[in-house]
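Structure record follows, encoded as structure tokens.
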Amino acid sequence: MSFRTLPAALATLLLGAAIGLTACEDDDQPSTVTTGKINFEFENVVGSQALVIGDAYSTLAGEQITVSKFNYILSNFQFTKTDGTVWAEPESYHLVKQSDTNSRKFAIEGVPFDTYTKVTFTIGVDSARNMAGAQTGALAPNNDMYWGWVSGYIFLKLEGTSPQSTSNGVYSYHVGGFRKPYVSMRTVSPALPTGVASLQVTASQSPELHLKADVQRVFAGPHPVSLRQMSGTGHGADSSGVKLAINYAAGMFRIDHVHNGD
Amino acid sequence: MFSLAAATALLVAACKPDKDVEQAFPAPTPLTLARPQDFPAIVPMPADNPLTEEGVALGRMLFYEKKLSGDGTISCGSCHQQSKAFTDGRARAIGVGGQQHARGSMALINMAWEQDFTWDGAHTKLEQQARTPLENPVEMHQSLATSVTKLQATNNYPKLFGRAFGSSRITEENVLKALAQFERTLVSSNSRYDKAKRGESYLLPNELQGKQLMGHATTFVRGAECQHCHDTELFSGPTHTFFNNGLDLPPFTDPGRGGITGVAFERGMFKAPTLRNIALTDPYMHDGRFKTLEEVLDQYSEHVQISPNLDPQLVNSPNDPSKKIMLTAAEKQKIIAFLHTLTDSTFITDPRFSDPNP
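Chains U and A, in that order, are what the protein sequence lines are. Under UniProt numbering, the first residue of the first sequence is numbered 1, with each subsequent residue one higher. Under UniProt numbering, the first residue of the second sequence is numbered 1, with each subsequent residue one higher.
What follows is the structure in structure tokens.
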């Protein structure tokens, strides 16, 4: 290559230097960051015991169960500030699977520096996304949580065995449905634990919320479920699924403790 | 002025990867994998192994290369034959010296959408998976290091690696990358079922009824519950999900997924393979115990063994008071008729997937 004029040559060299610098630098972000993150960790439990796949537990009604699968989709996380305004996570869909340790921990990023007093999220997937067909990420159709175009997503799956079940000793609860009359999305705002007034998100503080999800609360609540009578839901929205959704919305999720993360 | 130029040269030089290769190769030609209608998103390919024409062509050569086996008698293509949707027709695979593997060769179909490889999901990345069959004493039984030495000594391979990866110095990593690239191109989306969806063909009434029967049973609709495990348009097991399908009772001869995770509950669980081209991939199950689809349907319908590890869908059906799936003979035939519509004759004859040196 030959340069016809010195300025052109210089320009090329300078450009080269710029590219060289950009490619080499492990560039740190400038100090204008105004958002942080809130970390979530979900621990699935049965009453006071940690959930272990295959172990035997009792429901609150005294029936025996094991759990072979426990998956749920959480979406539309929102955080309420002290002034009452709300910050909502965009594209907020998180799939939690008991069988996948990594799925039980995630961070919500881009949270504006502020003080938050309430956490709200939906168990399930909003109807807009249900009707938009299969998505990607947490909503990928091959995540074991999708019925199809018409029926949409499965919001919660709980499967296992129970000697009380009249279906060969097994049960399988699949909850979903976003169309009337079987609407199973439920939005919950579990309270911050006693002694934790607020969550501070700052440059040096990323709170970590440790939530417990209690399998017993799927069977108990406004519509107590007996494995003798109900060993399965329909696969697709139905009244059985809605009953389970009402149950688990009434207290399955509890914020057990919060680390300030500073 | 001069110092600026010198500084620039230094900066640029400092960034360049070491090039100890004698010959410069042009950059390979990028290749795009199309996403067939209604398929899930393609699993993001590794940033350091994008699909290229040269990489795929090399992978195809390697796939059919017998030099990669210890005694030079078999290649990947020996157990993964295109005419059988990349299976071998055997109950259990046969490696060098006639040694028999504990499991059957899996079909290689739509690998670009999969994240769990082999029956027990031992691998989650294609770039790692191939090392196992290449080196396993009961499969091809040759270390990748030896394979690299043998390939480097040939006339053609150093040049082909150069074109694909920019260096004629062959590495184990690049052998695996090329094989992964070729495997990702093995897309089957041209069965009569696919054509019918595109309006290019049609399904017969019994085939459509068979499709319907693949689904969930309710109090009003009968179903065989197939699609819990053979899910989406891939007709394949959900990501990172394994199932016990009631073939045996504990203790399981083959630990399956439990052999990987060490979790007792996961013993006897396996990946649900794709049903695409299933009529071509007999015999069935991880150990090839069933010769025909009729035997498979009989198993799921009536002979599921109930253990705590069993997927509950198989014995929680409203079809029958026994809660087993209990299909009628006519229903089984309809499902089998539908399964035959998933045979993709284009896939098994596509020259791009065949042995380049037959």
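C-beta: ideal position from N, C-alpha, C; glycine also.
- The residues 334 and 337, in chain order, have a CB closer than 6 Å to that of residue 206/A in the same chain once the five nearest residues on each side in sequence are set aside.
- In this structure, DSSP gives residue 150/U a state outside helix and strand, which the three-state scheme calls coil.
- In this structure, DSSP gives residue 39/U an extended state, which the three-state scheme calls strand.
- Residue 159/U is classed as buried because its beta carbon has at least 16 other beta carbons within 10 Å across all chains shown.
- Below the 8 Å Cβ cutoff, chain U contributes 134, 136, 140, 141 and 142 as neighbours of residue 40/A, in chain order.
- Per DSSP, the unbroken alpha helix (DSSP H) holding residue 242/U starts and ends at 239 to 249.
- Your pair residue 286/A and residue 270/A checks out as a contact, with CB atoms roughly 5 Å apart and the cut at 8 Å.
- Residue contact check for residue 59/U against chain A: no CB pair falls below 8 Å.
- Collapsing the DSSP output to three states places residue 101/A in coil.
- Counting every other CB atom within 10 Å of its CB across the protein chains shown gives residue 204/U a total below 16, marking it as exposed.
- Neighbourhood of residue 313/A in chain U, by CB distance below 9 Å: 159, 170, 172, 232 and 235, in chain order.
- Residue 217/U is not a Cβ neighbour of residue 171/U, given a cutoff of 8 Å.
- In chain order, 174 place their CB closer than 6 Å to the CB of residue 165/A, counting only its own chain and leaving out the 5 sequence neighbours on each side.
- Around residue 184/U, no beta-carbon contact reaches into chain A at under 8 Å, the shortest distance being about 16 Å.
- Residue contact check for residue 141/A against chain U: no CB pair falls below 8 Å.
- Residue 104/A has its alpha-carbon roughly 7 Å from the corresponding atom of residue 90/A.
- Neighbours of residue 238/A across chain U, judged by C-beta separation under 7 Å: 142, 143 and 144.
- Residues of the same chain with a CB within less than 8 Å of the CB of residue 348/A, apart from the 5 flanking positions on each side, are 82, 83, 84, 85, 277 and 280 in chain order.
- Interface with chain A (8 Å Cβ-Cβ cutoff): residue 54/U is included.
- Interface annotation for the segment 214 to 231 of chain A against chain U: 216, 218 and 231, criterion Cβ-Cβ distance under 7 Å.
- The beta carbons of residue 176/A and residue 145/A sit about 12 Å from each other, so the pair does not count as a contact at 8 Å.
- Going by DSSP, residue 65/U is part of the beta strand (DSSP E) stretching over 64 to 81.
- The contact set of residue 66/U on chain A, defined by CB atoms closer than 8 Å, consists of 308 in chain order.
- Residue environment analysis places residue 222/A among the buried positions, since at least 16 neighbouring C-beta atoms fall within 10 angstroms of its C-beta.
- Across the segment 90 to 102 of chain U, CB contacts with chain A closer than 7 Å involve 100, in sequence order along the chain.
- Bounds of the alpha helix (DSSP H) holding residue 217/U are 216 to 219.
- When DSSP reads this structure, residue 123/U sits in a beta bridge with 74/U and 186/U.
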